[in-house]
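Quick note on our numbering: the sequence shown kicks off at 1 and runs consecutively.
A virtual CB, placed ideally from N, CA and C, is assigned to each residue, including glycine.
Since the structure comes first, as structure tokens, the remarks are kept for the end.
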Amino acid sequence: MTAYSEILVDTPQNGVQLIRLNRPQARNALCTALLGELDAALALAAENDDIRVVLLSGSEKVFAAGADIKEMAALDAVGLWKDRRPQHWQAIRHFPKPLIAAVNGYCLGGGMELAMHADIIVAGTDARFGQPEINLGIIPGAGGTQRLVRAVGKSLAMKLILSGQFIGAEEALSAGLVAEVTQPELTLKRANALAETIAGKSPIALRLAKEAILSSFESPLSQGLELERKAFLFLAASQDRQEGINAFLEKRTPKFTGQ
Ligand code: CAA
Numbered sequence: 001m002t003a004y005s006e007i008l009v010d011t012p013q014n015g016v017q018l019i020r021l022n023r024p025q026a027r028n029a030l031c032t033a034l035l036g037e038l039d040a041a042l043a044l045a046a047e048n049d050d051i052r053v054v055l056l057s058g059s060e061k062v063f064a065a066g067a068d069i070k071e072m073a074a075l076d077a078v079g080l081w082k083d084r085r086p087q088h089w090q091a092i093r094h095f096p097k098p099l100i101a102a103v104n105g106y107c108l109g110g111g112m113e114l115a116m117h118a119d120i121i122v123a124g125t126d127a128r129f130g131q132p133e134i135n136l137g138i139i140p141g142a143g144g145t146q147r148l149v150r151a152v153g154k155s156l157a158m159k160l161i162l163s164g165q166f167i168g169a170e171e172a173l174s175a176g177l178v179a180e181v182t183q184p185e186l187t188l189k190r191a192n193a194l195a196e197t198i199a200g201k202s203p204i205a206l207r208l209a210k211e212a213i214l215s216s217f218e219s220p221l222s223q224g225l226e227l228e229r230k231a232f233l234f235l236a237a238s239q240d241r242q243e244g245i246n247a248f249l250e251k252r253t254p255k256f257t258g259q
């Protein structure tokens, strides 16, 4: 059993593992230890066949207030360069299973960048998204300049990153940053229901679908289409595909095993 101090890792239920950021005294600021624990928990989740989807949340009032500014203040350029944070971010980026973020309250700076590492964001109406790094004389350092523009387009990304202003959940929804907005007290419940629905699908198909969608950010259309085609053909060799098709024809619910 792995012991964590900065996150809470629940026992998986119905294929869903809930990981909660747990630094209430620092508004869930992402210190290096927290990112390291998240990296470790995701590595275990990636290997555990009982876990098909990971759900990431903060507390009721804050998802995460960004990088730990106090920790960051103590690091000079060489210190930042030697820091393990980039490796932890890489590990989160390469997590192969669906990752859903349930966001209530402040979701700022590195916290917003963490939410954007998730495949789907479900937000409460109280969510506040922003990249306020500019107020500290710095810029986003965990992919915000790249992921935000891909999520919401140039103009809004520029507005948020250059002004440090926040947007609410409804604006985030209409901009395409989040997939769904719900009442704050229902955010985790709704995100969990979505996670359970996804957990019922074929793990192989989920993994390949995620890989294909994410490749659209990295490659030209022709290359992405090629990857999709190969993934589609690869799935024809899976028992899950047979099971899915048989279940449809036999009018029953499929039981996907990941084979
Ligand atoms: N890092 C370290 N400590 C933080 C923190 C952060 N990002 N955010 C909040 N805290 C700490 C505060 O210092 C305070 O600690 P003390 O009790 O010891 O004074 C405690 O958490 C509570 O904070 P507030 O009193 O400010 O709480 P609030 O509820 O009034 O406000 C908030 C919440 C709006 C999130 C506000 O705390 C805030 O603006 N935080 C900073 C947000 C920010 O600038 N984020 C960007 C960080 S840089 C970054 O993320 C770089 C990157 O791209 C990787």
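*Taking C-alpha atoms, which residue in K210, F129 and I139 lies nearest to L173?*
F129
*asked:* So for V178, helix, strand or coil by DSSP?
replied: coil
*Give the DSSP-derived three-state secondary structure of G244 in the structure shown.*
helix
*Taking L21 as the reference, give the member of N104, T253, K210 and K70 with the closest Cα.*
Cα-wise, what sits closest to L21 is N104.
*asked:* When you compare the stretch 227 to 234 with the stretch 169 to 183, are there three or more beta-carbon pairs, one atom per stretch, that lie closer than 8 angstroms?
replied: Output reads no: the stretch 169 to 183 does not touch the stretch 227 to 234.
*Shortest alpha-carbon distance to A169 belongs to which of L235, A212, L8 and T187?*
The residue with the shortest Cα to Cα distance from A169 is T187.
*Out of E250, L148, P220 and T32, state which residue places its alpha-carbon closest to the alpha-carbon of K70.*
T32
*What are the residues that DSSP puts in a beta bridge with S57?*
R20 and A102
_Sequence-distant residues of the same chain with beta carbon closer than 6 angstroms to A157, five excluded per side_ = L148 and V149
_Tell me the DSSP secondary structure of F232 in three-state form._
Three-state result, F232: helix.
*Own chain partners of S238 with C-beta closer than 6 angstroms, once the 5 adjacent residues on each side are dropped*: The beta carbon of S238 is closer than 6 angstroms to those of I204 in its chain, skipping five residues each way along the sequence.
*With DSSP run on the structure shown, which of helix, strand or coil describes L108?*
strand
*asked:* Can you tell me whether V181 sits near the ligand CAA, meaning its C-beta is under 7 angstroms from at least one heavy atom of the ligand?
replied: no
*Could you name the residues of the same chain whose beta carbon sits closer than 8 angstroms to that of K97, not counting the 5 residues immediately before and after it, in chain order?*
A distance below 8 angstroms between beta-carbons, with the five flanking residues on each side excluded, links K97 to the following residues of its chain, in chain order: A45, A46, I51, R52, V53, V54, P203, L206, R207 and K210.
*Identity of the residues DSSP links to A123 by a beta bridge*: V103 and V181
*Under three-state DSSP, which class holds A73?*
helix
*With respect to the alpha helix (DSSP H) encompassing R207, which residues constitute its N-terminal and C-terminal limits?*
P203 to S215
*Among I245, L18, G144 and F95, which residue has its Cα nearest to the Cα of L108?*
G144
*asked:* Whole angstroms are fine: how far does the CA of L30 sit from the CA of Q223?
replied: Cα to Cα, Q223 sits roughly 35 angstroms from L30.
*Distance between D39 and G110 (C-alpha atoms, nearest Å)*: Cα-Cα distance, rounded: 15 angstroms.
_Looking at the ligand CAA, does it come within less than 7 angstroms of V62, judged from the CB to the closest heavy atom?_
yes
*Cα-Cα separation, M116 to K255*: 31 angstroms
*For the alpha helix (DSSP H) that contains A36, what are its first and last residues?*
Here the sequence assigns Gly to residue 36, which means Ala is not the residue at that position. Annotation for G36: the continuous alpha helix (DSSP H) segment containing it runs T32 to E47.
*How far does the beta strand (DSSP E) with R128 in it reach, from first residue to last?*
Boundaries of the beta strand (DSSP E) harbouring R128: R128 to G130, taken from the DSSP string.
*For V62, which residues does DSSP report across the bridge?*
Y106
*Would the beta-carbon of A26 be found less than 7 angstroms away from any heavy atom of the ligand GDP?*
The ligand content of the structure shown is limited to the ligand CAA, which means the ligand GDP is not among them.
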